[in-house]
Every structure is written in C-alpha cells, then in structure tokens.
Amino acid sequence: MIDPMTVLAILAMAGVTYLTRIGGYLVLRNRTLSPRATAVMDAAPGCVLISVIAPDFVSKNPADLAALAITVLTATRLSMLPTVVIGVGSAGALRWLIG
2 MIDPMTVLAI
12 LAMAGVTYLT
22 RIGGYLVLRN
32 RTLSPRATAV
42 MDAAPGCVLI
52 SVIAPDFVSK
62 NPADLAALAI
72 TVLTATRLSM
82 LPTVVIGVGS
92 AGALRWLIG
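Structure representation (structure tokens):
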C-alpha cells in the first residue's frame, strides 16, 4: 500500500512544477521576453525535477538506482511530461517489486 504522505508529496511536487511553469507566463503575459528570460522560464520545471531525483544518485537501493537510470534514458528521448510520468511510475513500480 502506498503511504498517503507519499501521494501527497507527489501531488504537491506536481502542483509546484505546474505553478512554476505557468506562473511566469501569467505574470508576464503582456510583455515581450528576451531569449535569455525565455530560456530561464523553460528550464524551471527541469530544475524542480532534478531536485526531486538528485538524492537517488547517492542511494544504495537498487530500485531507486534502476528508476534513476530509466528516468535519465527517458529524458534523453522524450519531453518533460512523459519523462516525469515514466520516472515516477518506474520508481513506484520498482520500489514495490524490489523493495
């Protein structure tokens, strides 16, 4: 059974990622952004994702390391949303299967 606090944490991280993505566009929708500012706005959700998966780099749990490898491979081939879904799904499934 998945811990309710884990589900709450996942939902909170998804919400923060979404707000980070859309917040800048809502606040700055009537302005023309420089290319540099646009690049910063596009990179923000990736920074949130990295902060979530970075602790797995130092994990000794095989399920976490396998999920990390799957997430990195997915990130090289797909866009942000499928990467997040596959990364979270693989982490949950592998933790359930392997422990």
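Residue numbers for the sequence shown follow this note's numbering, so the first one is 2 and each next one is one higher. All residues carry an ideal CB built from backbone N, CA and C; glycine is no exception. The model shown is predicted, which means the values in this text are computed figures rather than measured ones.
Buried/exposed call for residue i, threshold 16 Cβ in 10 Å
i: D43; result: exposed
i: V85; result: buried
i: V73; result: exposed
i: T7; result: exposed
i: G24; result: exposed
i: T77; result: exposed
i: P83; result: exposed
Endpoints, alpha helix (DSSP H) assigned at residue i
i: S91; result: M81 to I99
i: D4; result: Premise fails: D4 is in no alpha helix (DSSP H) and is neither H nor E.
i: R78; result: P63 to R78
Straight-line gap, residue i to residue j (C-alpha atoms, nearest Å)
i: A94; j: V41; result: 33 Å
i: L29; j: G100; result: 45 Å
i: V89; j: R32; result: 35 Å
i: M1; j: R37; result: The chain is shown from 2 up to 100; residue 1 falls before or after that span and cannot be answered.
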